[in-house]
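Residue numbers (UniProt numbering): 1 to 518. Below is one structure, written out as structure tokens; comments come after it.
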């Protein structure tokens, strides 16, 4: 499951460089590649002198200093000028870094297609980071048509040139490419210029300091095939996948905070502090955390085993478009004891069971109930102040699904859930006001709330922020930042965000054949 989404860096469309000063890359960041230490040590006057004389390395170093404000006042327009100049002199590090600026909209108009050209330029000169990026760009079906063979070609070259490619990524590519092509690439029968110049790209042994994790921070390179999202999955889901999915939230160091950085089993989730963090994520609408907690209930890890609550958490994750939960829920419903237990508990007016029965009907797992019966069961659960049911019933009233549209009823239900401590309900209320033209005076404050919730794992807040920045709702229009939020949400399975992302790419797509996507 492979696709690219640049998830980790703020984008800023700043041809007016003053705006960029508040939202530029931080000092000591790993995102930009610097090819030669000696140029970093040059005094400012000498550096400017050599840059003006046409020295590409000096131009590039000067551009980085101006971009980051290292020893000089930050000047984005001048930084971009010097980095681009060095890139156009065929310095691969500059081409790579200029590609980063373009794909994030930092100091330049957001343009992933121009970025692609510069990444390929650097990759063709033998820069492993650029080779890896170029390979990934052939998997996402956004900039260029998906081409697994070209993806494998570039990523294999990166690996051969010292770049640490994750084994799972490399092995998955192997399954998508013809064996004959793989053999040809490995035996160098298919070749591209691979010269590594001493004054351009570091020696292979020095590359480990700036490998996959740092490159992914600059571009958000992540692996998921959105063509498969509407299906379940045909393979077992591993514990390590559920754990590592938490990184999709875009919360810095989340696995370190949870003490799960190297965890391979959900059985390693045993601490009260770990559970508190996971439950907070659930309360903010994180499909990854909801799925993981569902698994804990299903397996009886930390919590007492409870198949009904497991199904409830899976259903809540599905509501947020989790791409793991559908299959896990399907497997759960196939267990012999599940259906009889569900029926028994629902008849006993157990609110969790009634919510689950409604959910199984709503999402097509169970056709025993007609729509009106399913809604009646949800209403019965909501009458017991069952928070997930209050939120779900409110959503039905708000959208007009399964029940006559009534926004006032929706707000009342969400406020009731909010009073019981539900951040999910608060987020729904904030979203309803953000998209209300009559609430423009509140939009700025509401967007601040969305940013806060997005930073705490709310995927629908991230998607909504993409919309806000794209359309200037509560903030100045900023396509680069909109793309950043859409990428983050799409990476987590949000279909609306992915469709918006594709639309943004298509609006800018050149007419050249290499960029044409069917």
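Each residue gets a CB set at the ideal place from its N, CA and C atoms; glycine is no exception. As the structure is a computational prediction, the values presented were derived from the model and not from experiment.
Going by alpha carbons, who is nearest to residue i out of the options?
i: residue 236; options: 324, 449, 345 and 460; result: 324
i: residue 313; options: 455, 337 and 360; result: 360
i: residue 246; options: 110, 491 and 58; result: 491
i: residue 311; options: 353, 448 and 77; result: 353
i: residue 300; options: 273, 182, 366 and 269; result: 269
i: residue 442; options: 474, 411, 419 and 304; result: 474
i: residue 411; options: 397, 402, 440 and 403; result: 397
i: residue 368; options: 395, 339 and 345; result: 339
i: residue 454; options: 479, 431, 350 and 509; result: 431
i: residue 150; options: 165, 159 and 134; result: 134
i: residue 355; options: 332, 376 and 458; result: 376
i: residue 131; options: 152, 508, 345 and 494; result: 152
i: residue 298; options: 73, 358, 288 and 329; result: 329
i: residue 332; options: 296, 158, 346 and 71; result: 296
i: residue 62; options: 107, 409, 337 and 48; result: 48
i: residue 248; options: 288, 479, 282 and 260; result: 288
i: residue 485; options: 250, 426, 440 and 279; result: 250
i: residue 383; options: 351, 503 and 439; result: 351
Less than 8 Å between the C-beta atoms of residue i and residue j, yes or no?
i: residue 129; j: residue 163; result: yes
i: residue 362; j: residue 381; result: no
i: residue 391; j: residue 422; result: yes
i: residue 393; j: residue 379; result: yes
i: residue 435; j: residue 463; result: no
i: residue 371; j: residue 402; result: yes
i: residue 266; j: residue 514; result: no
i: residue 512; j: residue 142; result: no
i: residue 115; j: residue 154; result: no
i: residue 522; j: residue 105; result: This structure cannot speak to residue 522, because the chain is shown only from 1 to 518.
i: residue 446; j: residue 433; result: yes
i: residue 44; j: residue 71; result: yes
Would you tell me roughly how many angstroms separate the C-alpha atoms of residue i and residue j, rounded to the nearest one?
i: residue 385; j: residue 467; result: 32 Å
i: residue 231; j: residue 319; result: With a pLDDT of only 44 at residue 231, under 50, the local geometry of the prediction cannot be trusted, and the value read off the model is given with reservation. Each residue's Cα considered, the two are about 15 Å apart.
i: residue 95; j: residue 477; result: 28 Å
i: residue 428; j: residue 51; result: 53 Å
i: residue 604; j: residue 244; result: Because the chain spans 1 through 518 in this model, residue 604 falls outside it and cannot be assessed.
i: residue 186; j: residue 64; result: 36 Å
i: residue 308; j: residue 487; result: 33 Å
i: residue 399; j: residue 407; result: 8 Å
i: residue 417; j: residue 387; result: 6 Å
i: residue 180; j: residue 517; result: 26 Å
i: residue 66; j: residue 101; result: 13 Å
i: residue 444; j: residue 450; result: 10 Å
i: residue 167; j: residue 253; result: 22 Å
i: residue 420; j: residue 283; result: 12 Å
i: residue 170; j: residue 238; result: 18 Å
i: residue 54; j: residue 161; result: 29 Å
i: residue 357; j: residue 498; result: 30 Å
i: residue 505; j: residue 494; result: 17 Å
i: residue 448; j: residue 303; result: 35 Å
i: residue 348; j: residue 140; result: 49 Å
i: residue 440; j: residue 472; result: 11 Å
i: residue 543; j: residue 452; result: Given a span of 1 to 518 for the chain in the structure shown, any question on residue 543 remains unanswerable.
i: residue 550; j: residue 293; result: Since the first residue of the chain shown is 1 and the last is 518, residue 550 is not available in this structure.
Which residues in the same chain have their Cβ closer than 6 Å to the Cβ of residue i, if we skip the five residues on either side of it in sequence?
i: residue 147; result: 138
i: residue 240; result: 264
i: residue 528; result: Missing from the structure shown is residue 528; the chain here goes from 1 to 518 and no further.
i: residue 470; result: 482
i: residue 274; result: 258
i: residue 346; result: 353, 354 and 357
i: residue 409; result: 397
i: residue 414; result: 394, 425, 428 and 429
i: residue 206; result: At residue 206 the pLDDT is 42, less than 50, meaning the model places this residue with poor confidence and gives no usable figure here.
Closer than 7 Å by C-beta to residue i: which residues in its own chain qualify, once you throw out the five before and the five after it? Chain order, please.
i: residue 277; result: 257 and 258
i: residue 56; result: 86, 89, 91 and 94
i: residue 98; result: 83, 84, 87 and 118
i: residue 177; result: 148, 149 and 152
i: residue 79; result: 63, 66, 67 and 107
i: residue 111; result: 102 and 508
i: residue 174; result: 182
i: residue 306; result: 297
i: residue 158; result: 128, 131, 132, 135 and 165
I'd like the list of long-range same chain contacts for residue i, defined as Cβ closer than 8 Å, with 5 residues on each side in sequence excluded.
i: residue 291; result: 242, 245, 313, 314, 317, 322, 324, 325 and 328
* To do: Within the segment 360-387, note down every full alpha helix (DSSP H) run reaching 4 residues or more, in order along the chain.
  => As far as the segment 360-387 is concerned, its whole alpha helix (DSSP H) runs of at least 4 residues are 371-383.
* Which full runs of the alpha helix (DSSP H) of 4+ residues lie inside the segment 259-333, going along the chain? -> Entirely contained in the segment 259-333, the alpha helix (DSSP H) runs reaching 4 residues are, in chain order, 272-283, 287-299, 307-319 and 325-333.
* To do: Write down every uninterrupted run of the alpha helix (DSSP H) in the segment 415-493 whose length is 4 residues or greater and which is fully enclosed by it, in chain order.
  => Segments of the alpha helix (DSSP H) lying fully in the segment 415-493: 423-434, 443-455, 459-471 and 479-491.
* **Minimum length 3: unbroken beta strand (DSSP E) runs contained in the segment 112-156** => Within the segment 112-156, no run of beta strand (DSSP E) reaches 3 residues while sitting entirely inside it.
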